[in-house]
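Read the structure below first, then the notes.
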Amino acid sequence: MDFVGQRIAEIRKKKGLLLKELAGKTGLSSSYLSLLERGKIVPSLKALEKIAQALDVPSFFFLMNDVDRVTENNIVKKDERAVFRLPNACYSLEILTPIFNKGIKRQFDVFYVVLKPKSYLNQVFMVHEADECSIVLSGKVDVLIREERFVLCEGDSIYISSFAPHNYYNGEDQDVSLLCIMAPAVMKNYLKEG
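Quick note on this note's numbering: the sequence shown kicks off at 959 and runs consecutively.
Printed below as a string of structure tokens:
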């Protein structure tokens, strides 16, 4: 449980508070807080609630393990995305979810896809084990699922069940951009994680 004390110290320092100031806000003594931050004592739930209120964080935050915490490793900056652009391909695909973070057990993948005019996303129908939800961010696209054709415009979305043969076609004169979410995560099958 010493990680609880470490977490309290971390937040207190980020907020620029001295132990004495935190003590004043919580009604707990500086010596108690010092022992707590060094992992020498285990706090009561009541003490945790007081500290959480003083630091303006939910009390459960102190009990989260490191895998549950959001860190810089959870963030994918726009210019750091993994991008797939095959030569002469009619689309580009950017992975928006962190793919090499060992601390994250991804349950889904998110892709930003741009499909060029008058082209299919794939030469043949795609089939994969993931359920897929796609949202049209700009443009208009035909979604083909088995023998059915659905026309989606900007803001429209579609849910595609796993193993359903499907494809996307841009019959327009401008690019179409899509946000595609797939669960379970499919990229782990293609990329070896760190």
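For each residue, glycine too, the CB sits at the ideal point set by N, CA and C.
Delimiting residues of the alpha helix (DSSP H) encompassing residue i
i: A1005; result: L1003 to L1013
i: L991; result: S988 to E995
i: A981; result: L977 to T984
Integer Cβ distance of residue i from residue j, believed to fall under 8 Å
i: G963; j: E995; result: 4 Å
i: V1071; j: S1096; result: With a Cβ gap of about 11 Å, V1071 and S1096 do not count as contacting.
i: I966; j: T984; result: Contact flag wrong, Cβ pair sits at about 10 Å.
i: R1043; j: I1053; result: The Cβ separation is near 12 Å, so there is no contact.
Buried versus exposed call for residue i [16 or more other C-beta atoms within 10 Å across all chains shown]
i: P1001; result: buried
i: N1032; result: exposed
i: D1026; result: Residue confidence is low: D1026 scores 48 on pLDDT, short of 50, so the model does not pin down where it sits. Its coordinate-derived value is still stated next. Exposed, because fewer than 16 other Cβ atoms sit within 10 Å of the Cβ of D1026.
i: E1151; result: Here E1151 scores only 42 on pLDDT, less than 50, and its place in the model is too uncertain to base an answer on.
i: V1099; result: buried
i: N1046; result: exposed
i: M1140; result: buried
i: V1101; result: buried
i: L986; result: buried
i: L976; result: exposed
i: D1014; result: exposed
Beta-carbon proximity check, residue i vs residue j, cutoff 9 Å
i: V1041; j: T1055; result: no
i: A1088; j: V1144; result: yes
i: I944; j: C1138; result: With the chain covering only 959 through 1152, there is no way to say anything about residue 944.
i: I969; j: F1019; result: yes
i: L991; j: L1003; result: no
i: K1076; j: G1129; result: yes
i: F1083; j: H1124; result: yes
Start and end residues, beta strand (DSSP E) containing residue i
i: E1112; result: Here E1112 belongs to no beta strand (DSSP E), and DSSP marks it neither H nor E.
i: V1101; result: K1098 to I1103
i: V1000; result: Here V1000 belongs to no beta strand (DSSP E), and DSSP marks it neither H nor E.
i: D1067; result: D1067 to L1073
i: I1057; result: Segment: none, I1057 is in no beta strand (DSSP E) and carries neither H nor E.
i: C1138; result: V1134 to A1141
i: V1041; result: A1040 to F1042
i: H1086; result: Unbroken run through H1086: none, as it is neither H nor E.
i: N1080; result: Per DSSP, N1080 belongs to no beta strand (DSSP E) and is neither H nor E.
Residue of the options minimising C-alpha distance to residue i
i: E1090; options: Y1117, Y1070, E1106 and V1082; result: Y1117
i: E1112; options: H1124, L1136, N1125 and D1131; result: L1136
i: L1011; options: G982, R1043 and H1086; result: Reading off the sequence shown, one finds Gln at residue 1011, where the question assumed Leu. The candidate whose alpha carbon is nearest that of Q1011 is G982.
i: R1064; options: Y1078, P1142, S988 and I1053; result: P1142
i: E1105; options: S989, S1115, Y1126 and D1114; result: Y1126
Residue i: CB within 8 Å of a non-hydrogen atom of the ligand NAP
i: L977; result: Although the ligand NAP was asked about, the structure shown includes no ligands whatsoever.
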